[in-house]
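These notes concern the structure reproduced below.
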Amino acid sequence: MAWGFRAGRQRSGYRTFTFLHLKWPRRLGTAFLGCDGHLIHYPDGSHIPPHRDAVAHGRHYRINLVLWRPRAGGVFEALGDDGRRGWALGQRLFFFRPDLMTHSVSRCEGARWVLSFGWALADRG
278 MAWGFRAGRQ RSGYRTFTFL HLKWPRRLGT AFLGCDGHLI HYPDGSHIPP
328 HRDAVAHGRH YRINLVLWRP RAGGVFEALG DDGRRGWALG QRLFFFRPDL
378 MTHSVSRCEG ARWVLSFGWA LADRG
C-alpha cells in the first residue's frame, strides 16, 4: 500500500488517504473478512457518481463522518432498491451498505473532508 493521497476509484476529482487496510483469510472460518479506513478529500468541483461497491463473498458496511462541509453541494446520498435510504445523523454521520445501496456525492463547491470506515462480513450459512 502506497503512503499518501491517491486519486479515488471513481476518477471524479476526489482523493483518498488509506490509513487502515486489513484483510482476514476466509479459510480461518471467521465471519470477519476485513476492514479499511480512509481520509477522503473532495476538492472544489469534485464529486462521486452513483455506484455500488461489490464484495465477492460477503456483506459490506460503511460509516462516514463528514469533518468539513463545502459551502454548497457535496451532498451524500445512499439509496437501496427498495427505496430505503442509509441511516444519517444530520449531514455529518452516515451508515450504509455500499454493496446494496447506490451511493453518490454531488459536486462540491469548496472542499469536503470525510473520515470513512468500512468492514466486510462473510455471507451467512
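Position one of the sequence shown corresponds to residue 278 (this note's numbering), numbered consecutively onward.
We put the beta carbon where it would ideally sit given N, CA and C, even for glycine.
Note that this is a predicted model, so its numbers are computed, not measured.
A straight-line Cα-Cα distance of about 16 Å links residue 381 and residue 388. Classified as buried, residue 353 has 16 or more neighbouring CB atoms from the shown chains inside 10 Å of its CB. Fewer than three Cβ pairs drawn from the stretch 281 to 294 and the stretch 359 to 366 lie within less than 8 Å of each other, which leaves the two stretches out of contact. For the pair residue 391 and residue 318, the Cα-to-Cα distance works out to about 7 Å. For residue 313, the beta-bridge partners assigned by DSSP are 298 and 395. Around the beta carbon of residue 294, a 10 Å sphere encloses fewer than 16 other beta carbons of the protein chains shown; the residue is thus reported as exposed.
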